[in-house]
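Heads up: the structure comes next, in structure tokens.
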Amino acid sequence: MNRSLSYIIRYALIIVALIALAILDVCTGSNKIPLSDIFGYIFGGSDLSVDYQFTIREFRLARLITAMVAGAALSVSGLLMQTVFRNPLAGPYVLGISNGASLGVAVIVLGSGLFLPSSADVSNLAILIAAGVGSAAVLMLILAVSMRVKDILSILIVGILVSGVVASVVNVMQFFSNEVNVKSYVVWTMGSLDSVSFNDSIVLVPVCIVVCAVLYLFSKKLNILLLGEQFAVSMGMNIKWLRVVVFVGVSALTGAVTAFCGPLGFIGLAVPHISRWIFNTSNHFVLIPASMILGAAFLLCGDILSHCLYSQGVLPINAVISILGAPFIIWIVFKNQRTVI
Numbered sequence: 138m139n140r141s142l143s144y145i146i147r148y149a150l151i152i153v154a155l156i157a158l159a160i161l162d163v164c165t166g167s168n169k170i171p172l173s174d175i176f177g178y179i180f181g182g183s184d185l186s187v188d189y190q191f192t193i194r195e196f197r198l199a200r201l202i203t204a205m206v207a208g209a210a211l212s213v214s215g216l217l218m219q220t221v222f223r224n225p226l227a228g229p230y231v232l233g234i235s236n237g238a239s240l241g242v243a244v245i246v247l248g249s250g251l252f253l254p255s256s257a258d259v260s261n262l263a264i265l266i267a268a269g270v271g272s273a274a275v276l277m278l279i280l281a282v283s284m285r286v287k288d289i290l291s292i293l294i295v296g297i298l299v300s301g302v303v304a305s306v307v308n309v310m311q312f313f314s315n316e317v318n319v320k321s322y323v324v325w326t327m328g329s330l331d332s333v334s335f336n337d338s339i340v341l342v343p344v345c346i347v348v349c350a351v352l353y354l355f356s357k358k359l360n361i362l363l364l365g366e367q368f369a370v371s372m373g374m375n376i377k378w379l380r381v382v383v384f385v386g387v388s389a390l391t392g393a394v395t396a397f398c399g400p401l402g403f404i405g406l407a408v409p410h411i412s413r414w415i416f417n418t419s420n421h422f423v424l425i426p427a428s429m430i431l432g433a434a435f436l437l438c439g440d441i442l443s444h445c446l447y448s449q450g451v452l453p454i455n456a457v458i459s460i461l462g463a464p465f466i467i468w469i470v471f472k473n474q475r476t477v478i
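Numbering (this note's numbering), first residue to last: 138 to 478.
Here's what the structure looks like:
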């Protein structure tokens, strides 16, 4: 079979699966909402009460959009990190960007009990701003290191060290903070799609789409980079600036998702491997859109299970996606014995 036709068929299958999961996800929740009512609200042909419309918009559609965009963004981030570092265990959080966002949130949430009265109210806007500032601070540090250091392994080590230091600072803050604030922070670290409003999801969508589109334009350079840095330099590529573009793009995607949804782990590590397994290629022109589709589908699966497995509430999305993805990745490793990177 022609390779292009094979890719088209595989794309069609995963898109159909994504659509099916999207329909199932939007119908999943504590209250049963018929699919006809949801379509009626979307296309404006149904006479629904204001409260009913609010439930559909702020809970079902916002959750659906957030899951798809966040899954796509983290998957692309993981794919690019594995390419740049040439490490199958690299992910979107390897640079410490997520830890920087966590530190920003910790200063606001945990610090409200240390520096402010314990009754101080922490708004969602304050958490978003704090996460953005924390991510940006770590990004500036990594960029400064990447401009001075040629060895990519050294940059990876710096990212891991920054993550460790930031995690230690957060642990110290948790130790001195009160129980209420510690619980609030721990709940945030578990990740959540339900706390994102429809307006928040509308903000998240263009950021992630634009960044993913820009990164896709560098697919040819990323393919060349797979052949080795020396070969890439001999072809006239500026490795340092390619790293800067990738780091800024990945940081923007990871920081945005973490700010709105909390740190969602495992997706960026698992989905790129699943994409390579399904399409059997390392071509970024194929893998980037494939990772976006599969990442969206993967997080939708996790969201559906988080609402279905516990009748009295919603399970932490981080725990669900890790349990869901780990066995599949182990199976792929044992089946293929090697992963193409």
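By construction, the Cβ of each residue, glycine as well, lies at the ideal position given by its N, Cα and C atoms.
Within the same chain, Cβ atoms closer than 6 Å to the Cβ of Asp-337 are found at Phe-397, the five residues on either side in sequence being excluded.
In this structure the segment 186-194 does not lie against the segment 456-470, because fewer than three pairs of beta carbons, one per stretch, are closer than 8 Å. With respect to the 9 Å criterion, Val-387 and Ile-289 are not classified as neighbours on the basis of their beta carbons. Residue state for Ile-170 is assigned as coil, using DSSP reduced to three classes. Taking a contact as a CB-CB distance under 8 Å, the pair Leu-362 and Thr-165 does not count as one, their CB atoms being some 40 Å apart. A residue is called buried once 16 or more other Cβ atoms fall within 10 Å of its Cβ, and Ser-300 is buried on that count. Counting other Cβ atoms within 10 Å of its Cβ, Phe-312 stays below 16 and is therefore classed as exposed. If you draw a straight line from the Cα of Thr-395 to the Cα of Tyr-144, it comes to about 32 Å.
Judged by DSSP in its simplified three-state form, Gly-271 adopts helix. It is roughly 43 Å from the alpha-carbon of Lys-377 to the alpha-carbon of Val-163. The alpha carbon of Phe-422 has as its nearest neighbour, out of Arg-140, Asn-360, Val-153, the alpha carbon of Asn-360. The Cβ neighbour count for Tyr-447, taken over all protein chains shown within 10 Å, is under 16; the residue is labelled exposed.
Distance between Ile-339 and Leu-265, taken at the CA atoms: about 15 Å.
In this structure, Leu-198 is the residue among Leu-198, Asp-174, Leu-158 with its C-alpha nearest to the C-alpha of Asp-331. Across the structure, Gly-271 and Ala-393 are spaced so that their CA atoms are roughly 11 Å apart. Sequence-distant Cβ neighbours of Val-206 in its own chain, meaning closer than 6 Å and more than five residues away, are Leu-341, Val-342, Cys-345. Straight across, the Cα-Cα distance linking Ala-434 with Phe-355 is about 24 Å. Boundaries of the alpha helix (DSSP H) harbouring Leu-142: 140-163, taken from the DSSP string.
Judged by DSSP secondary structure, Glu-195 falls outside any alpha helix (DSSP H); it is assigned neither H nor E. The C-beta separation of Asn-318 from Leu-247 comes to about 5 Å, placing the pair in contact by the 8 Å criterion. Here Leu-262 is not near Leu-437, since their CB atoms are 9 Å or more apart.
Relative to the Cα of Ala-159, the nearest Cα in the group Phe-176, Met-327, Asn-139 belongs to Phe-176. Sequence-distant Cβ neighbours of Ala-304 in its own chain, meaning closer than 7 Å and more than five residues away, are Asn-236.
No residue range can be given for Gly-228, since it is assigned to no alpha helix (DSSP H) and is classified by DSSP as neither H nor E. Pro-409 is a Cβ neighbour of Ser-428, given a cutoff of 9 Å.
Where Tyr-322 is concerned, the enclosing alpha helix (DSSP H) starts and stops at 316-326. Under the three-state reduction of DSSP output, Met-218 falls in the helix class. The shortest C-alpha to C-alpha distance from Ala-456 to any of Tyr-178, Gln-449, Ser-443 is the one to Ser-443. The C-beta distance from Ala-268 to Ala-238 rounds to 4 Å, short enough to meet the 8 Å contact threshold. When C-alpha distances from Met-277 are compared across Val-302, Leu-232, Val-244, Lys-287, the shortest belongs to Leu-232.
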